[in-house]
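In my numbering, the protein residues as written are 1 to 250.
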Amino acid sequence: MWLQYKLKKDRPFEEVAKEFSNKDVAFVLKHPKNGVAAKCVQVKKPVPVGTVVWLLDPRVTVYIMTTPKGKVALTEKEWKDNLKKVNTAMDKVLRRFEMRFDNLVLRHETQRKVNEDFPVISFFCSNWVGSKGNEPTKTRKDAQAAVRKLKSIAGGRDYKNFEAAVRKAETAVNAYSKELYEWIEQLIGSSDLIRRQRQRLDGGVLQEKRAEDRDHVRKRGGRVLCRGVDERPTGAGCVRGDHQRQRQGL
């Protein structure tokens with residue numbers, strides 16, 4: 001992949017690189033043994049005669065790949081092996097987004113079915129808190145479009161635009177997930193709130209009824225069943241309580 005060349009006269013490094021069909025001069029200069037040539041290029045001077053420089057062999061197919069750690073030179077076999085790994089990674093990322101979106105849609109449709117089974121309750125619950133928990137129809141469409149775009153780019157092996165597509169899909173799916181669970185939380189939370197308020201309302205009515213019973217007892221001189229006094233159900237205990245009151249002259 002690399003070859004050595006000893007300069008027979010002072011020459012600009014760019015000229016030598018062009019002679020050996022090395023187009024990416026900056027990458028070639030990063031070779032650890034091209035320190036002298038790199039300094040000459042930096043100060044815009046020719047490389048001195050007798051200097052040994054390292055260049056990519058033009059007789060060999062070389063692929064220069066950009067990685068998170070910088071550019072690397074690969075042989076054709078290394079390139080193909082690496083490409084398989086990259087394609088596998090792309091497919092895994094795509095499947096992860098597809099599975100996550102499908103799970104959100106399944107949860108969405110399940111909640112819709114529940115709402116259809118209980119239309120009156122779902123109507124009041126969905127309007128109990130306000131607009132924050134509205135059904136996420138728009139964000140669902142946006143997430144679906146973003147995942148489809150990612151699938152198209154991954155399937156077409158568009159390496160240049162894949163990262164940007166992943167970021168858009170992640171943003172769209174996250175937005176859908178957030179609004180979906182806010183909507184579900186509103187439905188479930190509102191239902192629980194209505195239940196608690198009904199319990200408080202029922203409790204208030206019962207307390208009013210008991211107050212009426214006690215007032216009725218006072219007006220009748222206590223000669224009624226004792227449930228209005230000690231709130232026990234009608235039975236033997238109440239009869240005994242009434243007999244005790246009669247013996248005491250009540």
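Where a beta carbon is used, it is the ideal one built from N, C-alpha and C, also for glycine.
Computed from a prediction, not measured in an experiment: that's the story for all the values here.
Considering only the beta carbon of each residue, do residue i and residue j sit closer than 8 Å?
i    : j    : result
V40  : F13  : The residue you asked about is not Val; residue 40 is Cys in the sequence shown. Cβ atoms of C40 and F13: closer than 8 Å.
E109 : W183 : no
R139 : E185 : Looking at the sequence provided, one finds Thr at residue 139 rather than Arg. Taking 8 Å as the Cβ cut-off, T139 and E185 do not qualify as a contacting pair.
P58  : D10  : no
T51  : L7   : yes
V252 : V166 : The requested residue 252 does not occur in the structure, where the chain is confined to residues 1 to 250.
R157 : N87  : yes
Tell me, to the nearest whole angstrom, how far the beta carbon of residue i is from that of residue j; I am working on the premise that it is less than 8 Å.
i   : j   : result
V53 : N34 : 6 Å
What does a CB cutoff of less than 7 Å around residue i pick up in its chain, not counting 5 residues either side in sequence?
i   : result
F97 : V147, L150, A169, V173
A73 : M1, L56, V62, I64
P46 : D10, R11, P12, C40
F22 : According to the sequence provided, residue 22 is Asn. The question's Phe does not apply to it. If we look at N22 and ignore the five residues flanking it on each side, its Cβ neighbours are V28, L55, L56.
M90 : A154, F162
How many Å lie between residue i and residue j at the Cα?
i    : j    : result
N115 : T137 : 15 Å
Q111 : Y176 : 15 Å
I153 : R95  : 13 Å
Q4   : K80  : 26 Å
A37  : M99  : 52 Å
G228 : F118 : Here G228 scores only 41 on pLDDT, less than 50, and its place in the model should not be relied on; the value that follows carries that caveat. Using only the alpha carbons, I get a separation of about 39 Å.
G70  : K18  : 23 Å
K160 : T66  : 11 Å
K77  : T171 : 37 Å
G155 : H31  : 35 Å
E163 : K84  : 17 Å
K113 : P68  : 47 Å
L187 : Y181 : 10 Å
Please confirm whether any heavy atom of the ligand SAH lies closer than 7 Å to the CB of residue i.
i   : result
F97 : The ligand SAH is absent from the structure shown, which contains no ligand whatsoever.
Excluding the 5 residues preceding and the 5 following residue i in the sequence, name in chain order all residues of the same chain whose CB lies nearer than 8 Å to its CB.
i   : result
V25 : F13, E14, A17, V41
Please go through the same chain and pick out, in chain order, the residues whose beta-carbon is closer than 6 Å to the beta-carbon of residue i, but skip the five residues on each side of it.
i    : result
R223 : Any answer about R223 is weak, because its pLDDT of 48 lies below 50 and its placement is not dependable; what the coordinates show is given next. Nothing listed; no residue qualifies.
Segment contact, 8 Å Cβ cut-off, at least three pairs: the segment 137-149 with the segment 97-113: yes
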